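**Student:**
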Ligand SMILES: [Fe+2]
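In this note's numbering, the protein residues as written are 308 to 655.
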C-alpha cells in the first residue's frame, strides 16, 4: 500500500479506529511491524486510557495498558527509544507480554496525550529510515487527533450549535465536509499568520459556509448521481440562502461574506454575485480553496476521490482563474509537508 493511501485516509477520516487499521496495514508492509497499539488519555482521566489496536490480542492489550498507566510510559520512556524484553527500567518490563521489542512514539495534542506502541515479537532494531517512517506516520495520527479535538471543542463552545445540529440531522455528509473545510482553512490561515481573532472567524465561517443547504430539497442534495442542469441551478442557490438565513443574527455578521461568496471565482465566473479578483475578500478566498480541496479529496457517490497528484494538478491549473494564486502556492506547500514521507521513504 502506498503511503498516499494512509495520508488520504487521515484526510478523509474522522475516526481513529478506522485509521488504525490502515496505519497497521501500512506499517506491516513497510517496516514489518505486525502489532500496533495506541493509548490515548485526557488530562482529566489519566487512569483510563482508551486503547486502539491493530492485530493485538486482548491479553497483550491489557498488559500494555496496565504498563502504560502504572509505569507512565509517556513520562519515562523517551520517544522512539526501543524498550526490550530484557530491559528493566524502573520497574518497566515487557516480561508479561508476548513482545520482545516495543517502540513508543508519544502524542500530546491539546489536553489529549498518549503513546503509539509499535510491537515486535522478535528482537528488532529499526534503521534511521524506518524510524523516520514511524515518526511521519505519528504526525499523521497527530493531525487526525487535532481534527477530532477540534470537533469536540466546537460543539462545546459555540452558541449556534443548534443550527449546525439541524444541518447534521438533514445531511451528515455536508457536516463532515464543513468540518474538513474548517480544518484546511485553519491550516492555511495559520501558515499565512492570521491573528487569533481572524482564525476564529475563519473557523466559524467555514463550519457554517454551507448552511444554506438546509433549504435544498433532499432528493437533490442526496441524489446518487450527476445532477441535471435544473437541479444544479437549485444547488447553486445555497450561498444566497445561507446569507438570508444568517443575516439577521447579530453574532454572525462577520461571517456573512464567506457564506455568500464562497463559490465566487477570481475570474468572475462564480456565483451568486459574479465578483472578480480583489472584490472577493481574502478570508473568502481561503475558504473557497479549502472547500474545493475537500471536494476533490472526498469520495462522492458518482466518483471516487482524486489522487493527491491529480489534486495538485487541478489546483495549479485553476490558480488565477478559480483560486487565488498565492494561496494555491501556500496550500501546495502544506500538501508537500504532509507528503514528505513519500519522497523520503518510498521513492514513489
Ligand atoms: Fe458551498
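Idealized CB from N, CA, C, for every residue including glycine. All values derive from a computational prediction rather than experimental measurement.
State the start and end residues of the unbroken beta strand (DSSP E) segment that holds residue 589.
**Tutor:** First-last for residue 589: 589-604, but that is the alpha helix (DSSP H), not the beta strand (DSSP E).
**Student:** Counting by C-beta, which residues lie closer than 7 Å to a heavy atom of ligand 1, in chain order?
**Tutor:** Going along the chain, the residues that qualify are 516, 517, 545, 546, 569, 570, 598.
**Student:** Let's test the definition: count the other Cβ atoms within 10 Å of the Cβ of residue 442 and tell me whether it reaches 16, buried, or not, exposed.
**Tutor:** exposed
**Student:** Between which residues of its own chain and residue 630 is the CB-CB distance below 6 Å, once the five residues before and five after are set aside?
**Tutor:** 596
**Student:** May I ask you to report which of helix, strand or coil DSSP gives residue 383?
**Tutor:** helix
**Student:** What's the gap between the Cα of residue 447 and the Cα of residue 414?
**Tutor:** 11 Å
**Student:** Hey, could you find the ends of the alpha helix (DSSP H) residue 333 is sitting in?
**Tutor:** Bounds of the alpha helix (DSSP H) holding residue 333 are 323-338.
**Student:** Residue 361 to residue 628, Cα distance in whole Å?
**Tutor:** 45 Å
**Student:** State buried or exposed for residue 327, treating a residue as buried only when at least 16 other CB atoms are found within 10 Å of its CB.
**Tutor:** buried
**Student:** Whole angstroms are fine: how far does the CA of residue 495 sit from the CA of residue 569?
**Tutor:** 16 Å
**Student:** Using 8 Å as the cut-off, can you tell me whether the segment 338-352 makes contact with the segment 418-432, which would need three or more C-beta pairs spanning the two stretches below that distance?
**Tutor:** yes
**Student:** Taking the alpha-carbon positions, what's the residue 410 to residue 573 distance?
**Tutor:** 49 Å
**Student:** In the structure shown, what three-state DSSP assignment does residue 348 receive?
**Tutor:** strand
**Student:** Consult DSSP for residue 311 and reduce its assignment to one of helix, strand or coil.
**Tutor:** Unreliable placement is indicated for residue 311, whose pLDDT of 43 sits below 50; the coordinate value is still reported in the next sentence. Residue state, collapsed to three classes: helix.
**Student:** Is residue 422 buried or exposed, if buried means 16 or more other CB atoms sit within 10 Å of its CB?
**Tutor:** Sixteen is the threshold: when 16 or more other Cβ atoms of the shown chains lie within 10 Å of the Cβ of residue 422, as they do, the residue is buried.
**Student:** Using a Cβ-Cβ cut-off of 8 Å (strictly less than) and excluding sequence neighbours within five positions of residue 508, which residues of its own chain qualify?
**Tutor:** 561, 562, 590
**Student:** Flag residue 509 as yes if its beta-carbon sits less than 8 Å from any beta-carbon of chain B, otherwise no.
**Tutor:** Among the chains of the structure shown, chain B does not appear; only one protein chain is present.
**Student:** Taking the alpha-carbon positions, what's the residue 623 to residue 449 distance?
**Tutor:** 28 Å
**Student:** Cutting at 7 Å between CB atoms, please list the residues of its own chain near residue 554, excluding the five before and the five after it.
**Tutor:** Cβ neighbours of residue 554 within its own chain (closer than 7 Å, five residues either side excluded): 563.
**Student:** Taking only three categories from DSSP, how would you classify residue 442?
**Tutor:** helix
**Student:** So what does residue 413 bridge to, in DSSP terms?
**Tutor:** 422
**Student:** Thinking C-alpha only, which one of 641, 403, 400, 517 is nearest residue 473?
**Tutor:** 517
**Student:** Please classify residue 636: does DSSP put it in a helix, a strand, or coil?
**Tutor:** helix
**Student:** Which same chain residues, not among the five before or five after residue 635, have their C-beta less than 6 Å away from its C-beta?
**Tutor:** 622, 626
**Student:** Residue 390 to residue 401, Cα distance in whole Å?
**Tutor:** Their Cα atoms are separated by approximately 8 Å.
**Student:** How is residue 576 classed by DSSP in three states: helix, strand or coil?
**Tutor:** Residue 576 sits in coil when the DSSP states are folded into three classes, being neither helix nor strand.
**Student:** Could you check how far apart the C-beta atoms of residue 359 and residue 324 are, in whole angstroms? I think they sit under 8 Å.
**Tutor:** 6 Å between Cβ atoms; contact.
**Student:** What does the alpha-carbon distance come out to for the pair residue 567 and residue 350?
**Tutor:** 40 Å
**Student:** Would you kindly check if the distance between the Cβ of residue 372 and the Cβ of residue 356 is under 8 Å?
**Tutor:** yes
**Student:** Along the chain, where does the alpha helix (DSSP H) containing residue 512 start, and where does it finish?
**Tutor:** 503-515
**Student:** Helix, strand or coil: how does DSSP classify residue 652 here?
**Tutor:** Because the pLDDT at residue 652 is just 40, under 50, the model does not fix this residue reliably, and the value given afterwards should be weighed accordingly. The answer is helix: DSSP assigns residue 652 an H, G or I state.
**Student:** Identify every residue that forms a DSSP beta bridge with residue 408.
**Tutor:** Residue 408 is bridged by DSSP to 391, 427.
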